[in-house]
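Working notes, beginning with the structure itself.
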Amino acid sequence: MSEIKNIRDQFKSKLENDLSIDQINEIKTELFGKNGLISSKFKTIGSIPEIDRKKFASDLNEVKDELQNLITSKISEIEGKKINEKLEKEKVDITLPERPFVRGKVHPVSQTIDEISSIFSEIGFSVEEGPDVENEYNNFTALNTPDNHPARDMHDTFYLDENKEVLLRTHTSPVQIRTMLKDNPPFKIIAPGRTYRSDSDQTHAPMFHQVEGLHIDTNINMGHLKGCLNYFIKEFFEVEKIKMRFRPSHFPFTEPSAEVDIGYEIKDGKIIIGEGDKWLEILGCGMVHPNVLRNVKVDPSKYQGYAFGIGIDRLAMLKYGINDLRAFFDCDYRWLNHFGFDPLDVPSNYRGLSR
Amino acid sequence: MKITYDWLKDHLKISANEDKLLEKLTDIGLEVESIENLSEGLDLFKIAKILKTEKHPNADRLKVCDVHVGNKEIKKVVCGAANAREGLLTVYAPPGAIIPKNKTKLVVAKIRDVTSYGMLCSESELNLSNESDGIIELSSSKYAKNIGKSYFSKSSSNLIDLSITPNRPDCLGVRGIARDLSAAGFGNLKPQKDKKIKSYKKQTLKVKIIKEKNQGCLSFGSCLITNVKNTESPQWLKDKLISIGQKPISAIVDVTNYVMIDINRPLHAYDADKIDKGIIVRNSKSGEEFTALDNKNYKLDNGMCVISDNKGVLGLGGIIGGTRSGTELDTKNVLLESAYFDPRSIRKTAKKLNIDTDAKFRFERGIDQLSIEDGLNKAAFLIKEICGGETSKIDIQKIESFKNKVIKFEPKTFEKVTGFKISNQEMIIILEKLGFKLKKEKKFFKLSVPSWRPDIVQEIDIVEELVRISGYEKIKIENPIKERLKNTLNSTQKLFHFLQRAVASKGYLEAITWSFTDSKYNDHFKEANKEIKIVNPISSELQVLRNSIFSNLVMYISKNLDRGIKDLSIFEIGPIFYGSQPGEQNTVVCGLSAGKKSRLSWIEKERNIDIFDIKRDVIQTLVEAGYDTEKFYIDDKSPNYYHPGKSGRIFLNKGKDKAAAYFGEIHPNILKTLDIKTESLVGFEIFLDNLKLPKKPLKDQKTKYSVSDFQKSERDFAFIVDKKISVQDIVSVISNIDKNLISNIKVFDVYEGENIPENQKSVAISVTIQSLEKTLTDNDLEKTNNLIIETVENKTGAKIRS
Chain A
1 MSEIKNIRDQ
11 FKSKLENDLS
21 IDQINEIKTE
31 LFGKNGLISS
41 KFKTIGSIPE
51 IDRKKFASDL
61 NEVKDELQNL
71 ITSKISEIEG
81 KKINEKLEKE
91 KVDITLPERP
101 FVRGKVHPVS
111 QTIDEISSIF
121 SEIGFSVEEG
131 PDVENEYNNF
141 TALNTPDNHP
151 ARDMHDTFYL
161 DENKEVLLRT
171 HTSPVQIRTM
181 LKDNPPFKII
191 APGRTYRSDS
201 DQTHAPMFHQ
211 VEGLHIDTNI
221 NMGHLKGCLN
231 YFIKEFFEVE
241 KIKMRFRPSH
251 FPFTEPSAEV
261 DIGYEIKDGK
271 IIIGEGDKWL
281 EILGCGMVHP
291 NVLRNVKVDP
301 SKYQGYAFGI
311 GIDRLAMLKY
321 GINDLRAFFD
331 CDYRWLNHFG
341 FDPLDVPSNY
351 RGLSR
Chain B
1 MKITYDWLKD
11 HLKISANEDK
21 LLEKLTDIGL
31 EVESIENLSE
41 GLDLFKIAKI
51 LKTEKHPNAD
61 RLKVCDVHVG
71 NKEIKKVVCG
81 AANAREGLLT
91 VYAPPGAIIP
101 KNKTKLVVAK
111 IRDVTSYGML
121 CSESELNLSN
131 ESDGIIELSS
141 SKYAKNIGKS
151 YFSKSSSNLI
161 DLSITPNRPD
171 CLGVRGIARD
181 LSAAGFGNLK
191 PQKDKKIKSY
201 KKQTLKVKII
211 KEKNQGCLSF
221 GSCLITNVKN
231 TESPQWLKDK
241 LISIGQKPIS
251 AIVDVTNYVM
261 IDINRPLHAY
271 DADKIDKGII
281 VRNSKSGEEF
291 TALDNKNYKL
301 DNGMCVISDN
311 KGVLGLGGII
321 GGTRSGTELD
331 TKNVLLESAY
341 FDPRSIRKTA
351 KKLNIDTDAK
361 FRFERGIDQL
371 SIEDGLNKAA
381 FLIKEICGGE
391 TSKIDIQKIE
401 SFKNKVIKFE
411 PKTFEKVTGF
421 KISNQEMIII
431 LEKLGFKLKK
441 EKKFFKLSVP
451 SWRPDIVQEI
461 DIVEELVRIS
471 GYEKIKIENP
481 IKERLKNTLN
491 STQKLFHFLQ
501 RAVASKGYLE
511 AITWSFTDSK
521 YNDHFKEANK
531 EIKIVNPISS
541 ELQVLRNSIF
551 SNLVMYISKN
561 LDRGIKDLSI
571 FEIGPIFYGS
581 QPGEQNTVVC
591 GLSAGKKSRL
601 SWIEKERNID
611 IFDIKRDVIQ
621 TLVEAGYDTE
631 KFYIDDKSPN
641 YYHPGKSGRI
651 FLNKGKDKAA
661 AYFGEIHPNI
671 LKTLDIKTES
681 LVGFEIFLDN
691 LKLPKKPLKD
701 QKTKYSVSDF
711 QKSERDFAFI
721 VDKKISVQDI
731 VSVISNIDKN
741 LISNIKVFDV
751 YEGENIPENQ
761 KSVAISVTIQ
771 SLEKTLTDND
781 LEKTNNLIIE
791 TVENKTGAKI
801 RS
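So the sequence lines, in the order shown, correspond to chains A and B.
Under this note's numbering, the residues of the first sequence are numbered 1 to 355, in order.
Under this note's numbering, the residues of the second sequence are numbered 1 to 802, in order.
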């Protein structure tokens with residue numbers, strides 16, 4: 001017994017030293033190898049007198065377990081230390097920049113068009129489009145603006161031929177004509193797109209964007225027009241209340257016609273929509289002129305409705321505080337990056353127009 | 001249209017203040033564009049007397065004057081006018097005064113070393129007339145007692161500029177505006193109390209309107225005033241014209257202008273002695289010419305309405321008179337014309353000759369046909385009063401007599417259009433105040449339209465009048481119903497929006513550029529397309545419609561590079577044009593990327609952006625949009641503006657469609673010619689019109705889900721193959737061997753050079769072999785392996801590398 005104890009004591013103290021894994025393995029072999037001290041003891045069990053044998057075996061097992069556990073824990077202690085040292089060495093400066101990424105943007109006009117479409121979508125308008133190059137008939141004559149009519153002077157037109165029969169559309173209203181010629185009433189559409197006028201200064205660009213709206217049915221009156229625009233402006237500017245003023249005006253293709261002003265004020269150099277006592281003209285509208293309906297073979301005694309035209313660029317400027325119209329089309333990378341929108345910011349009904 | 005409240009009060013009985021007026025004008029559709037106080041600061045201009053003049057010591061033409069400016073104050077003023085002389089009464093402007101003509105503020109200034117305290121003014125400098133020759137000479141009888149007093153009489157009335165819409169010629173006269181205001185309950189319209197001329201003398205100058213096709217003159221009224229003495233206008237008339245920013249010229253001209261503004265009745269005054277025998281109103285003959293009052297010589301076409309005499313053209317009716325018969329200060333006998341010209345004829349002629357005059361502006365909008373006599377009476381009476389002489393009877397020639405239009409109006413139409421109600425009584429009051437004559441029938445009103453309202457021709461026009469005058473604020477808001485019966489976007493539009501955001505999400509900034517461009521840039525990208533010119537471009541840099549979006553993007557990327565931005569990606573989605581007819585356009589997404597990837601990165605190796613970057617952007621975009629990359633086919637036939645060896649076309653299906661996209665490096669020659677400074681410039685174009693829209697909606701596009709859990713085996717092959725054989729071909733050969741077994745074909749190495757024969761390359765490919773039905777045996781795998789080698793060798797001439 002004392003011999004076993006000696007082994008235990010001797011090795012316990014040995015294992016208390018600072019040892020390498022190799023050294024521990026050596027000890028392990030010394031004890032439990034084929035001819036190890038403990039292994040050899042087990043071989044002697046048979047020669048132990050019967051009376052002492054049981055006790056001897058039990059003591060031996062106990063010492064074996066004790067030393068084995070000691071060795072295992074010693075090994076895992078060393079391994080743990082090793083790993084910790086390794087991790088310590090691997091530490092990086094996590095404030096170094098991440099790998100480079102790129103971020104694209106959607107143009108504010110595109111974002112605004114999507115916002116507009118989303119708003120009108122909820123009240124049942126669908127989107128129609130037409131070509132940028134138009135004939136004189138669709139752009140003017142069908143819209144009750146005959147040749148030799150002074151109302152044509154309201155639009156400075158780009159022409160593509162000397163006879164002035166082909167032109168760049170001056171408004172998106174010809175889409176009305178195309179839509180009504182193609183389908184049957186009722187009509188409930190918006191038509192966003194590029195429009196052109198040969199006008200260029202700080203506040204005018206030769207190309208700009210307009211959205212045309214058209215709602216024709218049997219019972220649509222000016223109250224619906226007011227309601228529709230009131231709803232749109234409130235939703236678009238994401239405000240609770242809007243101050244809106246309808247003013248009589250004249251467009252050849254609508255009668256009665258109106259221009260719509262919204263109330264605003266300037267606070268700390270920023271324009272606040274919906275408050276204040278200044279007026280800002282933002283769109284033109286009216287009841288579609290019976291002559292226009294006749295031109296597209298819609299019976300004005302059965303059908304009536306409204307149309308409106310809104311400058312998209314101007315809406316974007318007002319909503320997002322952009323001062324210079326020309327900058328929209330100047331393609332300055334810094335400007336596009338500043339005023340552009342993340343492509344994941346898709347205006348939607350459930351998530352709202354903007355973040 | 002410029003008016004003052006004072007002038008309005010000639011026609012309107014009213015006591016409300018000006019703010020109320022401005023509000024009302026806008027409310028009834030006569031939009032107030034601006035308000036200006038013309039008399040502000042004018043009180044500084046004093047009546048003064050020159051006491052002494054001396055020659056300026058350093059300038060021959062200048063004089064130094066001692067000027068008495070009132071209150072016994074004497075100022076030294078340097079003056080260059082020849083007529084500056086001792087004893088002259090004139091107008092003095094002190095330092096601080098703003099000269100009306102050029103809006104400059106006077107300061108005490110040294111003029112050639114002599115200090116001048118203010119200035120002596122000419123009529124032109126005060127916007128009183130065009131007379132700039134010398135300073136104003138005031139008559140001593142009238143002004144001698146007023147030295148030191150303000151020259152301008154005080155007017156508190158602001159100049160109100162109204163934006164009159166083209167349908168309202170009646171409101172180009174002050175009376176028309178007053179009438180509208182009175183209908184809206186703002187004051188009462190005063191009755192016209194113009195004195196009529198009394199004469200039994202015949203108008204002796206014969207007037208004849210030739211009855212011919214497209215005769216633009218329908219009636220011609222005239223009055224001959226003999227033995228007049230044309231003179232300066234009386235102060236009230238001058239003040240009136242000055243109050244709306246016009247310059248008085250002479251009594252005869254001023255009177256015609258006054259009548260025109262007051263009641264929108266354009267008149268023309270001829271020197272009757274310069275008319276040869278009589279007036280003939282006729283169509284011009286091609287080649288006729290005359291010199292107009294703007295001192296330009298005009299050559300006429302056939303069929304323009306001219307006023308002529310025996311010698312030829314005197315003027316263009318309703319547009320501009322001629323110098324030959326113009327009135328001057330010494331004119332003795334005046335023929336006043338008051339005529340009606342057809343708006344279309346006026347507009348056609350004026351447009352062709354490019355003339356814009358006040359008369360033309362009014363006639364092309366439509367003048368009151370019944371105002372001919374009123375205008376003549378009013379003007380002739382005033383001329384006689386101011387210039388003396390004798391008036392003739394009024395003579396009116398016409399080829400067509402005017403009849404008032406009659407419109408049937410059903411009162412219930414009003415509510416149908418506007419959504420609100422007003423009583424029949426209210427309607428009647430408004431319409432009568434606007435000048436309609438009304439007859440009530442059973443269900444409708446029979447309305448006779450006043451002659452000054454050419455814009456009113458049908459029922460809806462009556463509704464407009466009623467709602468405009470009642471007030472748009474009465475229209476009730478009908479809230480929209482939230483109901484959608486149709487998709488907002490169709491498939492093409494959905495694709496547009498998807499691609500726009502898909503490309504943006506790859507790091508591109510979206511640009512919007514003009515649809516027109518500079519041919520200098522466009523020429524590089526137009527290929528076989530014809531150039532589409534704009535007839536009237538804003539500038540030569542914007543003279544053609546773009547045949548490619550690159551025409552603009554390349555220019556703008558170059559501008560951005562010049563700003564010092566080295567690495568940038570931009571794109572645009574929009575139209576390009578291949579013809580000048582409506583619809584001859586395509587929608588394209590076009591992107592450009594310049595510079596390097598990972599420039600100045602501590603961790604990534606920087607490198608030039610290359611064709612495989614841009615190819616990834618295009619392919620990924622197309623895949624995201626729902627197209628199957630397995631079916632894509634790529635060849636190297638791309639337009640000439642790409643690098644011939646580093647560009648290609650993508651087809652969604654081999655041999656079926658038009659190319660869905662181009663991609664590649666921009667041709668180095670273009671970079672050189674356009675001086676674009678960048679390490680690398682790559683671009684792509686995706687053609688929306690060539691993308692077939694999915695036949696099935698997304699909900700029906702998902703196929704049955706099946707994956708294999710049987711063991712898979714990855715095998716690598718290296719083939720030596722002719723350089724001309726594309727990797728796409730090798731991959732396609734392998735994938736077509738057995739689609740059930742072979743998947744995930746990856747090209748992991750391409751190598752040319754040492755150990756590889758010339759004109760050959762080594763392509764290393766990894767292939768996954770897996771069955772959906774069972775675990776493949778070694779034998780199965782070996783068979784597939786051999787089949788791959790054999791097929792590739794047979795079909796492409798490749799050799800497996802041992």
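Just so you know, even glycine gets a beta-carbon here, dropped at the ideal spot from N, CA and C.
Rounded to the nearest whole angstrom, the C-alpha separation of D18/A and G33/A is 22 Å. Bounds of the alpha helix (DSSP H) holding R53/A are E50 to E90. Looking at the backbone, the Cα of E238/A and that of A379/B are separated by about 58 Å. Judged by DSSP in its simplified three-state form, S448/B adopts strand. Sequence-distant partners of V107/B (beyond 5 residues in either direction) whose C-beta falls short of 7 Å from its own C-beta, in its chain, are P95.
Against chain A, a Cβ distance below 9 Å from D610/B picks out nothing, because the smallest value is about 15 Å.
With respect to chain B, the C-beta atom of P185/A has no partner C-beta closer than 8 Å.
Under the 8 Å criterion on CB atoms, F445/B is classed as non-interfacial with respect to chain A. Two segments are said to touch when three or more pairs of C-beta atoms, one from each, lie closer than 8 Å; by this definition the segment 710 to 730 of chain B touches the segment 794 to 801 of chain B. Per the coordinates, the alpha-carbon of P537/B lies some 49 Å from the alpha-carbon of R112/B. Only exposed fits H204/A, as fewer than 16 other CB atoms lie within 10 angstroms of its CB. Among the CB atoms of chain A, none fall inside 8 Å of the CB of H524/B.
When the beta-carbon positions are compared, L181/A and E134/A stay at least 8 Å from each other. Between the alpha carbons of I565/B and S593/B lies a gap of roughly 12 Å. E604/B and S505/B have their alpha carbons spaced roughly 21 Å apart.
Annotation: the segment 543 to 628 of chain B contains the following complete segments of the alpha helix (DSSP H) (minimum length 4 residues), in chain order: 550 to 562 and 611 to 624. Taking 8 Å as the CB threshold, A504/B lines the interface with chain A.
Scanning chain B for C-beta atoms nearer than 7 Å to the C-beta of C228/A yields P480, reported in chain order.
Look at K702/B here: in three-state DSSP terms it is coil, with no helix or strand label. Per DSSP, the continuous beta strand (DSSP E) segment holding R715/B begins and ends at S713 to D722. With a threshold of 8 Å between beta carbons, L509/B makes contact with chain A. Using a Cβ-Cβ cut-off of 7 Å, D461/B is close to E255 of chain A, given in chain order.
In chain order, A504, L509 and E510 make up the part of chain B whose C-beta sits under 7 Å from the C-beta of K105/A. With 16 or more neighbouring CB atoms inside 10 Å of its own CB, N522/B falls in the buried class. Under the rule that a run must span 4 or more residues, the alpha helix (DSSP H) segments found entirely inside the segment 407 to 445 of chain B read 411 to 418 and 424 to 434. Close to E584/B, with beta-carbon spacing below 9 Å, are these residues of chain A in chain order: P131 and V133. Annotation for H524/B: no beta strand (DSSP E) segment contains it, though the alpha helix (DSSP H) segment containing it runs S519 to F525.
Per the Cβ contact rule, the segment 287 to 303 of chain A is in contact with the segment 243 to 259 of chain A (3 or more Cβ pairs under 8 Å). With fewer than 16 neighbouring CB atoms inside 10 Å of its own CB, R616/B falls in the exposed class. In chain order, D156, T157, F158 and P206 place their CB closer than 8 Å to the CB of S198/A, counting only its own chain and leaving out the 5 sequence neighbours on each side. G375/B carries a helical assignment under DSSP once its states are collapsed to helix, strand and coil. Apart from the 5 residues on each side of it in sequence, I320/B sits with its Cβ closer than 8 Å to the Cβ of A292, L293, D294, I355, T357, A359 and K360 in its chain, given in chain order. Per DSSP, P192/A is one residue of the beta strand (DSSP E) stretching across F187 to Y196.
Following the DSSP letters along the chain, one finds S249/A inside the beta strand (DSSP E) bounded by residues M244 to F251. Between I394/B and C223/B, the CB-CB gap stays under 8 Å. In terms of beta-carbon proximity, Q23/A stays away from the interface with chain B, with every pair separated by 8 Å or more.
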